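All remarks here apply to the structure that follows.
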Amino acid sequence: GLKANLKRLYNLITEQQFSRCHKQDKYKKLLFALCYFHSVLLERKKFLMLGWNIAYEFNDSDFEVSENLLSIYLDDYDESPWDALKYLIAGINYGGHVTDEWDRRLLMTYIADFFNDNSINTPFFQLSTLVTYYIPKDGPLSSYKEYVSMLPNIDHPEAFGQHPNADIQSQIQETRLMFDTLLSLQPQISSVAGESREDKVLELSANIYKQIPENIDYDNTVKILSIDPSPINVVLLQEIQRYNALLVEIRKSLKDLDMGIQGLVVMTVELESIFICIYDGRVPPSWLKAYPSLKPLAAWTRDLVQLGDHSPPAEYLLDVRLSARLNNVSIDSLSWEFSVMTVDDTNITGPPKNQYLVSLDDKKNVPTVGIKPVASLFARGTPYPLCNSGNPMGLFLQGAGWDKKNQCLIEATPMQLVCQIPTIHFKPVENKKKSPDHWAKRGTALLMSLDY
Numbered sequence: 001g002l003k004a005n006l007k008r009l010y011n012l013i014t015e016q017q018f019s020r021c022h023k024q025d026k027y028k029k030l031l032f033a034l035c036y037f038h039s040v041l042l043e044r045k046k047f048l049m050l051g052w053n054i055a056y057e058f059n060d061s062d063f064e065v066s067e068n069l070l071s072i073y074l075d076d077y078d079e080s081p082w083d084a085l086k087y088l089i090a091g092i093n094y095g096g097h098v099t100d101e102w103d104r105r106l107l108m109t110y111i112a113d114f115f116n117d118n119s120i121n122t123p124f125f126q127l128s129t130l131v132t133y134y135i136p137k138d139g140p141l142s143s144y145k146e147y148v149s150m151l152p153n154i155d156h157p158e159a160f161g162q163h164p165n166a167d168i169q170s171q172i173q174e175t176r177l178m179f180d181t182l183l184s185l186q187p188q189i190s191s192v193a194g195e196s197r198e199d200k201v202l203e204l205s206a207n208i209y210k211q212i213p214e215n216i217d218y219d220n221t222v223k224i225l226s227i228d229p230s231p232i233n234v235v236l237l238q239e240i241q242r243y244n245a246l247l248v249e250i251r252k253s254l255k256d257l258d259m260g261i262q263g264l265v266v267m268t269v270e271l272e273s274i275f276i277c278i279y280d281g282r283v284p285p286s287w288l289k290a291y292p293s294l295k296p297l298a299a300w301t302r303d304l305v306q307l308g309d310h311s312p313p314a315e316y317l318l319d320v321r322l323s324a325r326l327n328n329v330s331i332d333s334l335s336w337e338f339s340v341m342t343v344d345d346t347n348i349t350g351p352p353k354n355q356y357l358v359s360l361d362d363k364k365n366v367p368t369v370g371i372k373p374v375a376s377l378f379a380r381g382t383p384y385p386l387c388n389s390g391n392p393m394g395l396f397l398q399g400a401g402w403d404k405k406n407q408c409l410i411e412a413t414p415m416q417l418v419c420q421i422p423t424i425h426f427k428p429v430e431n432k433k434k435s436p437d438h439w440a441k442r443g444t445a446l447l448m449s450l451d452y
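Quick note, in UniProt numbering, the sequence shown goes up one by one and the last residue is 452.
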């Protein structure tokens with residue numbers, strides 16, 4: 001925990017090392033902040049996906065190098081070189097381990113909270129929302145060790161900037177992992193009484209086979225889209241090929257499995273894996289190559305069927321390019337602006353107000369009636385959608401709640417692990433910078449689907 005890590009780090013520091021920096025008032029406070037920073041990075045892994053996207057192995061050498069940098073830079077500069085310290089410690093030293101950009105943002109958020117003027121000028125500067133964790137008053141090395149010994153043995157999520165629900169979420173994941181492990185250790189034998197494993201798998205596979213839709217007519221789609229060989233339509237055709245290939249793979253696997261259970265063909269290692277996965281309610285690995293998901297088999301199959309009923313969000317890519325062209329700005333200077341609807345999904349009949357289609361021939365504004373597929377727009381030849389991307393719905397918010405009235409993030413209620421967010425309108429605009437530090441610590445994210 002945090003207490004154990006802080007105690008271990010202070011045991012690594014000698015009296016000579018503790019007193020070598022000439023600016024003791026700054027050094028002692030920032031050293032404690034650095035120890036807390038290092039401990040938080042290590043212990044945040046317990047929150048699993050709400051902690052880090054990738055598990056990193058930070059070690060004591062990272063702390064030792066950072067402590068040396070802290071002492072040297074404080075002595076060399078009259079004023080605290082915050083930017084240099086934050087860049088060298090979090091961006092280079094610890095950041096050298098970090099490969100995910102969102103994890104890097106979290107890393108920089110923590111260091112910005114701990115390394116600033118307030119941390120050295122404010123007495124008992126709070127390191128978290130909990131009053132327990134603060135930078136103690138100046139004193140000898142033994143006083144810091146004494147303070148650490150009085151810290152709680154159990155780390156509350158608030159000490160990491162997390163919501164109490166984060167503990168619940170991580171415990172659920174650990175429980176699932178434990179039960180998956182126990183399930184894998186279950187004897188792989190047929191039951192003597194009642195329905196056998198083979199009968200159950202045959203029934204499940206037959207049910208899946210009935211639900212699988214027919215292949216999308218690729219040849220006719222190519223003829224329809226041949227009017228405009230744009231990159232977006234090329235991607236659409238590639239996705240159709242991938243979807244059809246997945247359907248073919250599933251049908252073939254189920255047919256071979258049926259024959260293998262009946263003893264008509266040899267049960268290969270791959271068929272045995274599919275057999276076990278279907279019995280356990282998991283998606284076979286060979287199916288996940290084309291359509292990855294964390295859902296169990298039943299929910300994954302429902303999503304697979306629904307996937308064929310929706311067109312890909314090609315409008316998003318199209319709008320960025322066209323908005324840059326029509327507004328005379330570079331495409332790399334654009335980002336997305338997200339407008340969350342204030343009405344329920346069932347009441348949405350079209351795009352937001354003041355959205356238009358712009359004709360490149362006469363530049364006249366023509367109000368849209370609804371969200372039209374890109375292919376149909378190009379088939380007519382003239383209109384281009386301006387800032388009229390699709391309205392994705394069915395997304396889930398994790399790590400926070402949503403206030404429909406004020407259209408902003410709020411703290412999640414106890415036991416509210418995820419909540420469904422209303423439909424979001426995507427609109428390309430010029431870049432705007434915001435400060436999402438609080439929600440970065442929460443591990444807040446929009447999920448396209450849940451794992452159940």
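Every residue gets a Cβ at the ideal spot worked out from N, C-alpha and C, and that includes glycine.
These numbers were taken from a predicted model, which means no experiment stands behind them.
Residue burial classification, residue i (beta-carbon count within 10 angstroms, cutoff 16)
| i | result |
| --- | --- |
| Q171 | exposed |
| P436 | exposed |
| K210 | exposed |
| Y218 | exposed |
| R105 | exposed |
| L225 | buried |
| L185 | exposed |
| G263 | exposed |
| Q241 | exposed |
| P285 | exposed |
| R176 | exposed |
| P414 | exposed |
| Q16 | exposed |
Proximal residues to residue i (C-beta, below 6 Å), its chain only, five neighbours per side dropped
| i | result |
| --- | --- |
| F378 | Because F378 sits at a pLDDT of 26, beneath the cut-off of 50, its placement in the model cannot be relied upon, and the point is left open. |
| Y36 | L127 |
| I120 | K26, K29 |
| F124 | Y134 |
| H38 | F63 |
| V265 | M259 |
| S293 | W300 |
Closer than 7 Å to chain C by CB, residue i
| i | result |
| --- | --- |
| N244 | Among the chains in the structure shown there is no chain C, since it carries only a single protein chain. |
Of the listed residues the options, nearest to residue i (C-alpha basis)
| i | options | result |
| --- | --- | --- |
| V201 | S71, I278, P140 | I278 |
| D398 | F426, L450, T423, N406 | It is Gln, not Asp, that sits at residue 398 in the sequence shown. The shortest Cα separation from Q398 among F426, L450, T423, N406 belongs to L450. |
| E249 | M267, E239, K289 | K289 |
| N406 | L50, T342, Q169 | T342 |
| N116 | P422, Q16, A33, V234 | A33 |
| I421 | K427, L446, E64 | L446 |
| D60 | F426, N68, K295 | N68 |
| I5 | D155, L264, C21 | Note that residue 5 is Asn in the sequence shown, not Ile. Considering only alpha carbons, the answer is D155. |
| E337 | D75, L185, F426, A166 | F426 |
| V40 | F18, Q17, L2 | L2 |
| L304 | Y243, T268, S143 | Y243 |
| E239 | L88, L151, L307 | L307 |
| Y416 | H438, T444, I424 | Here the sequence assigns Gln to residue 416, which means Tyr is not the residue at that position. Nearest of H438, T444, I424 to Q416, Cα basis: T444. |
| P157 | N118, N220, M178, K46 | K46 |
Proximity below 7 Å, CB of residue i to CB of residue j
| i | j | result |
| --- | --- | --- |
| M271 | R282 | In the sequence as displayed, the identity of residue 271 is Leu instead of Met. Not closer than 7 Å, so no. |
| F58 | L70 | no |
| I208 | T301 | yes |
| I212 | L247 | yes |
| Y94 | D138 | no |
| I54 | K86 | no |
| H22 | D75 | yes |
| L395 | D280 | no |
| A159 | L50 | no |
| W52 | D103 | yes |
| A440 | T129 | no |
| E198 | I261 | yes |
| I274 | V340 | no |
Residues bridged to residue i (per DSSP)
| i | result |
| --- | --- |
| A445 | Q398 |
| L409 | W402 |
| F426 | F338 |
| Q126 | Y134 |
| V418 | Q398 |
Proximal residues to residue i (C-beta, below 8 Å), its chain only, five neighbours per side dropped
| i | result |
| --- | --- |
| E411 | H163, A400, G401 |
| S205 | L254, L257, D258, I278 |
| I13 | L31, E67, L141 |
| R20 | S71 |
| Y10 | C35, L141, Y144, K145, V148 |
| E174 | L48 |
| P136 | F32, F124, S143, Y144, Y147 |
| K7 | K145, V148, S149 |
Cβ shell of residue i (< 7 Å), same chain only, five flanking positions each side left out
| i | result |
| --- | --- |
| L107 | A90, Y94, G95, V98 |
| N153 | G1, K3 |
Distance cut-off 6 Å: residue i Cβ against heavy atoms of the ligand COA
| i | result |
| --- | --- |
| N5 | Ligands in the displayed structure: none, and consequently the ligand COA is not present. |
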